[in-house]
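Novice: Using our numbering, you'd call the opening residue of the sequence shown number 4 and step up by one each time.
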Amino acid sequence: MDPRTQLLLEAPIGRTILRLALPNIAVMAIQAGIGLVETYFIAKLGTDALAGLALVFPVQMLFVMITAGAMGGGILSAVSRALGSGRADDANALVWQSIWIALVLGLVTTIVMLAAGHALYSAMGGRGEALAAALVYSHVVFAGAIPLWLYNSLAAVIRGTGNMLVPALVTAIGAAILIPLSPLLIFGFGPVRGFGIAGGAMAVVAFYVVGSAIFAAYIWSGRGVLQPERAPQRFRWTLSRGVLKIGALSSIVSTTTNLAIAIATALVGVYGPAAVAGFGTAVRLEYLLVPLVFGLGTPVASMVGTSIGAGQNKRALRVAWTGAAIAGGLTGAIGAAAAFYPQVWLSLFGDDATMNAVGSQYLRIVGPFYGFFGIGLALYFASQGAGRVGWAMGASLLRVVVAALGGLAVVRWGAGIAGIFAALAAGLAIYGVLNIVAVASGVWFRNNQRAAASPLQLIATKECAR
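1. Residue 192 by DSSP, collapsed to three states: which one?
2. Using a 10 Å radius around the Cβ and a threshold of 16 neighbouring Cβ atoms, would you call residue 79 buried or exposed?
3. Assuming residue 268 and residue 349 make a contact with CB atoms under 8 Å, what is their CB distance in whole Å?
4. When we look at the beta-carbon of residue 256 and count the other beta-carbons within 10 Å, is it buried (16 or more) or exposed?
5. Which residue's Cα is closest to the Cα of residue 92: 214, 19, 231?
6. So residue 106 packs on residue 149, CB below 8 Å; how close in whole Å?
7. By how many angstroms is the C-alpha of residue 304 removed from the C-alpha of residue 20?
8. Would you grab the beta carbon distance between residue 143 and residue 208 for me? Rounded to a whole angstrom, and I think it's under 8 Å.
9. Can you name, in chain order, every residue of its own chain whose Cβ lies under 6 Å from the Cβ of residue 103, other than the five neighbours on each side?
10. Could you tell me which whole alpha helix (DSSP H) segments of length 4 or greater appear in the segment 106-150?
11. According to DSSP, is residue 416 part of a helix, a strand, or is it coil?
12. If you drop the 5 nearest sequence neighbours on each side, which residues of the same chain put their C-beta closer than 8 Å to that of residue 439?
13. Do residue 23 and residue 167 have their C-beta atoms closer together than 8 Å?
14. Should residue 354 be labelled buried (16 or more other beta-carbon atoms within 10 Å of its own) or exposed?
15. Tell me which same chain residues have a C-beta within less than 7 Å of the C-beta of residue 290, skipping the five on either side of it?
16. For residue 164, which of helix, strand or coil comes out of DSSP?
17. Straight-line CA distance for residue 198 to residue 306?
18. Could you give the residue range of the alpha helix (DSSP H) that holds residue 254?
19. Should residue 427 and residue 263 be called a contact, given that it needs their Cβ atoms to be closer than 8 Å?
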C-alpha cells in the first residue's frame, strides 16, 4: 500500500486532520481574501456595481461549491475509496473520467448561464444599473466555466490521494498573481485599459486557466500517488457512475445552500438596492465559512473514504465526529464575533447607512447560528467520503424550505427584514441538527454490508496492519 494511503488509515485522527487541513485552510483564507479584494475594488465603482456583484455572487458561489465540494467531493470519494481498497488501476483511470465530466458539465454551465442570466438576476431583484452590472460580470465569468470545472476536478483528484499541499500551493501562487491583476483589469494602469466590473471577472477566469494547467502538469509528472495514462482514455460509465451519483446528490446540497441565500436576496430586494448591497456584503461572511470548512472537510472526506474502502468503519466515524467538532468550534466563534462586532466586517465595504444597518441586523441574528452550519457542513463532507449523502441532501432541502417559506411568510405578514433573517437562522440550526442525527443513527452502513469487507479490503487492511 502506498505510504500516503497507509498514513490515512493509521495516523492519529485529530492530528492528521489538522495537519492535512492547515494547507487547505490557509488557501481558503487566501481565496477568501481574493474575493474581499475584488469586492473592495468593485465597491469603488459605486453602489450599483456592488449590488450587481451581490446578485451574481450567490450563483457564482453555487458553481464553485458544485465543482469543488459536490462533484469534486464525488471525485475525491471515488479516488480515496479505490486507493483504500487496493484498486490502483481504477484510481488512475478516474483522472480521465474526471476530465470528461468537467468538460461536458463546464460547457453546459456556460450555455445555461449565458441564456438564463437576465431572467435569473431579474427574479433575484435586479433592476436598472445594478442588473446591467450583474449581467456584464456574469457573462464574462461564466464564459470561463470549463476552466472552473477543470481546476476543481483536477484538484479533487489530487486531494483524493491525501495530498492537500499541492492544491494549496497552486492556489496560493495564483492568488499572489490575481490580487494585483484584478484591480489592474478593473481600473487599468498605463497602457493597460480598464474594463470596469468585467475586469474582475476576467482576472478570475485567468486564475482558473493557469491553475488547471499546473494541476495537469503535476498529475502527469509522475511525482504523486497516481500514474494515469498519457493518452486520453475512453469514457467509462462503470467508474464515472459513482462520481456522478455522489456529485449529483451533493450538487443538490450545494444548490440549496445558495438557493436559500438567493431567495433571501430577492426578499430583501423589496427594500431597495442599498439593502441588497448590505445583505450581500454581510452574507459574504457566511460564504467564507464554506471554504473554511471545506479546508477541514476535504481531509475528513479523504480519510473517511479511505477507511471505509479498507473496511475500517469505526475509524471512519471517529474521523467524522472529530472533524465536525473542530468545524463547529471555529465557525461558532466566528459567528459570535460577528454578532457582537458587525461593524468590524461591514466597515470594510462602505459607509452607506442603509447598507450597514441591514448588514448589522443580519449578523446579529444569524451569526450565533454559524456553529450549526459548520457542524452540518463537516458531516456532509464526511458523508461524501462514505459515499452516502442522501440524508445530508435531505437536511439541506429542509433548510431551504424553512428559510424560504419562513421568509416569505414574514414578508407577507409585514415582519420586515428581521423576520427574513430569523428564518435563515432557523434553517441553519435544522441543517446542523439533522446531519448530527443522521450520522449518529448509522445511515452510512444501513442496508448494506460494508462491515463485511471484500477480499481486496481484507488484503489492504492486513497490509496496513503490518
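Glycine included, each C-beta is placed from N, C-alpha and C at the ideal position.
Note that the coordinates shown come from a computational prediction; the quantities given were computed from them, not determined experimentally.
Specialist: Put simply:
1. Within the sequence shown, the letter at position 189 stands for residue 192. For residue 192, the three-state secondary structure derived from DSSP is strand.
2. As a position in the sequence shown, residue 79 is number 76, starting the count at 1. Flag for residue 79 reads buried.
3. Residue numbering aside, residue 268 sits at position 265 when the sequence shown is read from its first letter. Residue numbering aside, residue 349 sits at position 346 when the sequence shown is read from its first letter. The beta carbons of residue 268 and residue 349 sit about 17 Å from each other, so the pair does not count as a contact at 8 Å.
4. As a working mapping, residue 256 is identified with position 253 in the sequence shown. Residue burial annotation: residue 256 is buried, with at least 16 other C-beta atoms found within 10 angstroms of its C-beta.
5. Taking the first residue of the sequence shown as 1, we reach residue 92 at position 89. It is 231.
6. Position 103 of the sequence shown holds residue 106. Position 146 of the sequence shown holds residue 149. Their Cβ separation, rounded to whole angstroms, is 6 Å, which keeps residue 106 and residue 149 in contact under 8 Å.
7. On the sequence shown, residue 20 is found 17 positions in, with the first residue counted as 1. On the sequence shown, residue 304 is found 301 positions in, with the first residue counted as 1. Answer to the nearest angstrom: the Cα atoms are 10 Å apart.
8. Looking up residue 143 in the sequence shown gives position 140. Looking up residue 208 in the sequence shown gives position 205. Your pair residue 143 and residue 208 checks out as a contact, with CB atoms roughly 7 Å apart and the cut at 8 Å.
9. Position 100 of the sequence shown, counted from the start, is the residue given in the question as residue 103. Cβ within range, chain order: 238.
10. Fully enclosed alpha helix (DSSP H) runs of 4 or longer: 131-146.
11. For the purposes of this step, residue 416 is identified with residue 413 of the sequence shown, where counting begins at 1. Coil.
12. By one-based count along the sequence shown, residue 439 stands at place 436. The answer, listed in chain order, is 327, 378, 379, 382.
13. As a working mapping, residue 23 is identified with position 20 in the sequence shown. As a working mapping, residue 167 is identified with position 164 in the sequence shown. Contact: yes.
14. One-based indexing of the sequence shown puts residue 354 at position 351. By the 16-neighbour rule on beta-carbons within 10 angstroms, residue 354 is exposed.
15. Residue numbering aside, residue 290 sits at position 287 when the sequence shown is read from its first letter. Cβ contact annotation for residue 290 (same chain, cutoff 7 Å, sequence separation greater than five): 64, in chain order.
16. Here residue 164 corresponds to residue number 161 of the sequence shown, with the count starting at 1. Residue state, collapsed to three classes: coil.
17. Looking up residue 198 in the sequence shown gives position 195. Looking up residue 306 in the sequence shown gives position 303. As the crow flies, the alpha-carbon of residue 198 is around 44 Å from that of residue 306.
18. For the purposes of this step, residue 254 is identified with residue 251 of the sequence shown, where counting begins at 1. Unbroken alpha helix (DSSP H) run through residue 254: 240-271.
19. Position 424 of the sequence shown, counting from 1, holds the residue named residue 427. Position 260 of the sequence shown, counting from 1, holds the residue named residue 263. Yes, these two residues count as a Cβ contact at 8 Å.
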